[in-house]
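Written out below as structure tokens is the structure these notes cover.
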Amino acid sequence: MKGLLYKSWLNVKPVVLYYIIFVVVFFLVSLLNRDPLYFAAICVMIGVAVPLASMTSDDKDGWEEFAVAAGVSRTRFVLGRYLFALLSELPGWVLSAVLVLLCEDRLAALATVLFYCGAGLLTAALLLPLVFRFGVEKSRVLLVLVMVFVFAAALTVGILTFGEDAIVTGLPLFALPGAMLAFGVASVAVSLPVGVHIFKNKDL
Amino acid sequence: MSDNIRIQGLQKRYAGFSLEDVTFSVPRGAVVGFIGENGAGKTTTIKGILGLIRPSGGSVEIFGKDAARLTAEDRGRIGAVLGENCLPESLNAGQLDGVMRHIFPHWESETFASFLGRFSLPRNKKVADFSRGMHQKLALAVALSHGADVLVLDEPTAGLDPVARDEILELLYDFMQEERRSVLISSHIVTDLEKLCDYIAFIHDGKMLFFEEKDALYERYAVVHAPAEALQALSDAVVAVRRGEFGASALVRRAKLPAGIAAERAGIEEIMLYFIKGERI
Numbered sequence: 001m002k003g004l005l006y007k008s009w010l011n012v013k014p015v016v017l018y019y020i021i022f023v024v025v026f027f028l029v030s031l032l033n034r035d036p037l038y039f040a041a042i043c044v045m046i047g048v049a050v051p052l053a054s055m056t057s058d059d060k061d062g063w064e065e066f067a068v069a070a071g072v073s074r075t076r077f078v079l080g081r082y083l084f085a086l087l088s089e090l091p092g093w094v095l096s097a098v099l100v101l102l103c104e105d106r107l108a109a110l111a112t113v114l115f116y117c118g119a120g121l122l123t124a125a126l127l128l129p130l131v132f133r134f135g136v137e138k139s140r141v142l143l144v145l146v147m148v149f150v151f152a153a154a155l156t157v158g159i160l161t162f163g164e165d166a167i168v169t170g171l172p173l174f175a176l177p178g179a180m181l182a183f184g185v186a187s188v189a190v191s192l193p194v195g196v197h198i199f200k201n202k203d204l
Numbered sequence: 001m002s003d004n005i006r007i008q009g010l011q012k013r014y015a016g017f018s019l020e021d022v023t024f025s026v027p028r029g030a031v032v033g034f035i036g037e038n039g040a041g042k043t044t045t046i047k048g049i050l051g052l053i054r055p056s057g058g059s060v061e062i063f064g065k066d067a068a069r070l071t072a073e074d075r076g077r078i079g080a081v082l083g084e085n086c087l088p089e090s091l092n093a094g095q096l097d098g099v100m101r102h103i104f105p106h107w108e109s110e111t112f113a114s115f116l117g118r119f120s121l122p123r124n125k126k127v128a129d130f131s132r133g134m135h136q137k138l139a140l141a142v143a144l145s146h147g148a149d150v151l152v153l154d155e156p157t158a159g160l161d162p163v164a165r166d167e168i169l170e171l172l173y174d175f176m177q178e179e180r181r182s183v184l185i186s187s188h189i190v191t192d193l194e195k196l197c198d199y200i201a202f203i204h205d206g207k208m209l210f211f212e213e214k215d216a217l218y219e220r221y222a223v224v225h226a227p228a229e230a231l232q233a234l235s236d237a238v239v240a241v242r243r244g245e246f247g248a249s250a251l252v253r254r255a256k257l258p259a260g261i262a263a264e265r266a267g268i269e270e271i272m273l274y275f276i277k278g279e280r281i
């Protein structure tokens, strides 16, 4: 597993600075507004863009063929991809937690962050099996559509539920975020065996 | 002599191409040359050995085990070079070392470093910036640095100059010093195979035409140059005929050739060409 994760890291190392700059800008926006919404929402995109960049590099390198020929089991290979996706989301979650602590209404901030953590998991859960099935290039259009849809939906729901002009009121504060997080976790739990099944039956 | 690789009735169907009943083995202590024209099924067969495709039928055994049941430890005993550009191009040799250390159970960094030195391969230059020769040498260095007992090489010398090819062949000679080892090498450069191989496996259009000891092929086949009518009289011995501007020639079975008929030694490339492009009479 270490070898797979190290390879994934080396794939994105040349471009990680650009992602960091992007993240810092949105972190500052959220910090200045004392609202984690902007940062948490962009983390959904970054949390998928980073593993996608890694998988693009792997596709170009023929890494799937090399790793499987070298004896990496197909299950382990898929697990490596999911783990890297999770690790790509982790810094965003940690920084979101920092933002929560800096907010006046910490409970509301936490609810926002939890919602988008769930959205991030859902996005990864939807995208990874597609990439296993079609490869990064062929599924690129579909990936963009899924990402835009999830991002837009998550942002819209967030604004309508948590924003200053919220129109959905009266829900317990953590109802929607809790549901989204649970749905995200459940999506990953379903997505992983689907990804394993697809990859196990794929000719490389 | 036991086999490191045994392929029995391997089948794989794609739209427009199928591998049918491919059967041959790679004995311990032997080098098997795998020849066939482009699209004949060499790479598909090699992918079947390495577990990269799901066969439609047949079996592949490696080290006496079903290939589908090999452990990571077993797979670590197989060194593979999968044609050109088979290494991550965004990495340099140093980074490759770091990755491979955690991929192969018995990765030998010192051995890898010694190959880098032997081939004068820079440690900090990206693989993408290597010449083709450097790339193939690096691929072999990787394949030889994790305790492999079997090498499966798909066109390892393609596009290389004679000096680079010779260096690679020398590596393979060194590898074969240990009796328990084997090499399966596919190549269009038949002269390289003639120098190195003990056996030749010939595939055409998804089917095995033969799997023979190289020396047995030389003894079995010969080339006769004669007018077409004369070759007709030798139809029992003739495998295939090729007609040219100045006459005809035929690949013949020596055993069935009448005494007194002048025949030349048939090289592996000639045998291949006659089988594929020759006419049957």
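If you're matching them up, the sequences are chains A and P in order. Residue 1 is where the first sequence starts when you use the numbering used here, and the numbers rise one by one after that. Residue 1 is where the second sequence starts when you use the numbering used here, and the numbers rise one by one after that. Note that the Cβ used here is the ideal one computed from N, Cα and C, for glycine as well. Keep in mind it's a predicted model, so treat the numbers as computed, not measured.
Secondary structure of residue i, DSSP reduced to three states
| i | result |
| --- | --- |
| Ala152 (chain A) | helix |
| Gly98 (chain P) | helix |
| Pro122 (chain P) | coil |
| Asn92 (chain P) | strand |
| His146 (chain P) | coil |
| His225 (chain P) | strand |
| Thr23 (chain P) | strand |
| Arg77 (chain P) | coil |
| Leu90 (chain A) | helix |
| Arg280 (chain P) | coil |
| Val78 (chain A) | helix |
| Val194 (chain A) | helix |
| Ala85 (chain A) | helix |
| Val185 (chain A) | helix |
| Ser109 (chain P) | helix |
| Lys65 (chain P) | strand |
| Ser260 (chain A) | Past the boundaries of the shown model lies residue 260 (chain A); chain A is included only from 1 to 204, so the question cannot be answered. |
| Ala240 (chain P) | strand |
| Phe211 (chain P) | strand |
| Ser8 (chain A) | helix |
| Phe34 (chain P) | strand |
Inter-residue Cα distance where the pair is residue i and residue j
| i | j | result |
| --- | --- | --- |
| Gly260 (chain P) | Tyr218 (chain P) | 18 Å |
| Thr254 (chain A) | Val196 (chain A) | One cannot answer for residue 254 (chain A) here, as it falls past the ends of chain A, which runs 1 to 204. |
| Lys202 (chain A) | Phe115 (chain P) | 34 Å |
| Lys200 (chain A) | Leu79 (chain A) | 12 Å |
| Arg6 (chain P) | Val252 (chain P) | 30 Å |
| Tyr116 (chain A) | Val146 (chain A) | 15 Å |
| Gly247 (chain P) | Pro227 (chain P) | 5 Å |
| Ile159 (chain A) | Leu50 (chain P) | 52 Å |
| Gly118 (chain A) | Ser57 (chain A) | 27 Å |
| Ala72 (chain P) | Ala40 (chain P) | 30 Å |
| Val188 (chain A) | Phe22 (chain A) | 26 Å |
| Ile168 (chain P) | Trp9 (chain A) | 32 Å |
| Lys7 (chain A) | Val99 (chain P) | 6 Å |
| Ile42 (chain A) | Phe132 (chain A) | 24 Å |
| Val46 (chain P) | Pro51 (chain A) | The sequence shown places Ile at residue 46 (chain P), rather than the Val named in the question. Using only the alpha carbons, I get a separation of about 30 Å. |
| Gly133 (chain P) | Glu194 (chain P) | 21 Å |
| Asp3 (chain P) | Glu61 (chain P) | 9 Å |
| Leu176 (chain A) | Val15 (chain A) | 34 Å |
| Asp174 (chain P) | Val150 (chain P) | 13 Å |
| Asp198 (chain P) | Ser88 (chain A) | 51 Å |
| Leu231 (chain P) | Val152 (chain P) | 40 Å |
Beta-carbon spacing of residue i, residue j below 9 Å
| i | j | result |
| --- | --- | --- |
| Leu31 (chain A) | Ala111 (chain A) | no |
| Ala125 (chain A) | Ser191 (chain A) | yes |
| Leu196 (chain P) | Phe202 (chain P) | no |
| Gln136 (chain P) | Val190 (chain P) | no |
| Leu206 (chain A) | Phe151 (chain A) | Because chain A in this structure spans residues 1 to 204, residue 206 (chain A) falls outside the shown range and cannot be described. |
| Ile35 (chain P) | Ile281 (chain P) | no |
| Gly71 (chain A) | Leu121 (chain A) | no |
| Ala148 (chain P) | Leu121 (chain P) | no |
| Gly278 (chain P) | Ala250 (chain P) | yes |
| Ala240 (chain P) | Phe275 (chain P) | yes |
| Thr23 (chain P) | Gly83 (chain P) | no |
| Asn11 (chain A) | Ala53 (chain A) | yes |
| Leu87 (chain P) | Asp61 (chain A) | yes |
| Leu70 (chain P) | Gly48 (chain P) | no |
| Ala113 (chain P) | Asp97 (chain P) | yes |
| Val223 (chain P) | Glu264 (chain P) | yes |
| Gly3 (chain A) | Arg254 (chain P) | no |
| Trp107 (chain P) | Ser145 (chain P) | yes |
| Val100 (chain A) | Pro36 (chain A) | yes |
| Leu181 (chain A) | Glu64 (chain A) | no |
Uninterrupted beta strand (DSSP E) stretches inside the segment 156-209 of chain P (no shorter than 3 residues): 182-186, 199-204
Answer yes if the segment 52-60 of chain P comes into contact with the segment 119-139 of chain P, meaning at least three C-beta pairs across the two stretches below 8 Å, and no otherwise. The segment 119-139 of chain P vs the segment 52-60 of chain P: no contact.
Touch test, the segment 91-106 of chain P against the segment 160-180 of chain P, Cβ-Cβ under 8 Å, three pairs minimum: no
Does the segment 24-32 of chain P come into contact with the segment 176-191 of chain P, if we say contact requires no fewer than three beta-carbon pairs (one atom in each stretch) closer than 8 Å? Result yes; three or more Cβ-Cβ pairs closer than 8 Å.
At least 3 beta-carbon pairs within less than 8 Å: the segment 36-46 of chain A vs the segment 82-92 of chain A: Segments in contact, yes.
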